[in-house]
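What follows is a short report on a single structure.
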């Protein structure tokens, strides 16, 4: 009957498909051609993956080698830079300061008398550097005796002496010290006569005042004074000056001896 074939044909088709899927063939072989093709594809993929893995490993090794070389190069450059730097001993080596007396004839005892000093004005009858007067010198035989004279009612009498020196270029400090005495015929607390020690530039411009005394500050013995200047005045020409003024009566004498103008130098 025509209506009974369709189910049977359908069943026969299913049997054939199932037989193909079971892996059998008419030649009696074990592998289906499709399976063999799939296995070949799998083998090719695995070989490609292995090759890629090897390539990645090779690249990684090359990259590591390059990084290692770069690190070695940087280390060598760093060592070379360190070696090229000056040592701390050379940069930070301390110096030993030395102090130098830069006055000529600082105690006024050189010969001829007055060597190194300029007296302005100079009176050969009454030189300012002298062994005269009754006060014993601080360092014999001479001292500077300024003042001790009187002016007139219109003009004060004045004495002035100085020495010009050049401070060493490498000076880090400049200081002066010495001894003085003041004897006066004045009385009372009014200033009539004055004495000063000053540091000037080469044009007589005042740099600093070292000592200021007057008839109101008399002494009975040699008295020390000293000053470290605000600047070392390195490399400059300077003048150490002693000057006095006296009015028209009751003279005041100012004495100086044993001076030191000292420059500290760090070579």
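Residue numbers (my numbering): 180 to 446.
All C-beta atoms, glycine included, are put in the ideal place defined by N, C-alpha and C.
In this text the structure is predicted, and so the values were computed from the model without any measurement.
Q) Based on the DSSP secondary-structure assignment, which residues constitute the bridge partners of residue 434? A) Paired residue(s): 324 and 360.
(Q) Within 10 Å of its beta-carbon, does residue 208 have 16 or more other beta-carbons around it, so buried, or fewer, so exposed? (A) In this predicted model, residue 208 has a pLDDT of only 45, less than 50, meaning its place in the structure is not dependable; the value taken from the coordinates is given anyway. The residue in question, residue 208, is exposed, as its Cβ has fewer than 16 Cβ neighbours within 10 Å.
Q. So, helix, strand or coil for residue 224, using DSSP?
A. Any reading at residue 224 needs caution, since the residue's pLDDT is 47, under 50, leaving its predicted position unreliable; the model's value is listed next. The answer is helix: DSSP assigns residue 224 an H, G or I state.
Q: Could you spell out the range, first to last residue, of the beta strand (DSSP E) harbouring residue 428?
A: First-last for residue 428: undefined, no H or E at that position.
Q: Classify residue 346 as helix, strand or coil using the three-state DSSP reduction.
A: Assigned with DSSP and collapsed to three states, residue 346 falls in coil, not helix or strand.
Q.
For the pair the region 393 to 401 and the region 350 to 369, tell me if three or more CB-CB distances fall below 8 Å.
A. These segments touch.
Q | Simplified DSSP state of residue 275, which is helix, strand or coil | A | DSSP places residue 275 in coil when its eight states are reduced to three.
Q | CB contact flag (residue 400, residue 390, <7 Å) | A | Contact flag unset, no.
Q. If residue 326 and residue 374 are in contact, beta carbons under 8 Å, what's the gap, nearest whole angstrom?
A. Contact flag correct, Cβ pair sits at about 6 Å.
(Q) For residue 283, count the other beta carbons within 10 Å of its own beta carbon; 16 or more makes it buried, fewer makes it exposed. Which is it? (A) Burial state of residue 283 is exposed, judged by a 10 Å Cβ sphere holding fewer than 16 other Cβ atoms.
Q: Going by DSSP, name the residue or residues bridged to residue 337.
A: Answer by DSSP bridge pairing, in chain order: 424.
Q: Since I believe residue 323 is in contact with residue 287 (beta carbons under 8 Å), could you give me their beta-carbon distance rounded to a whole number of angstroms?
A: So it is a contact: roughly 6 Å between Cβ atoms.
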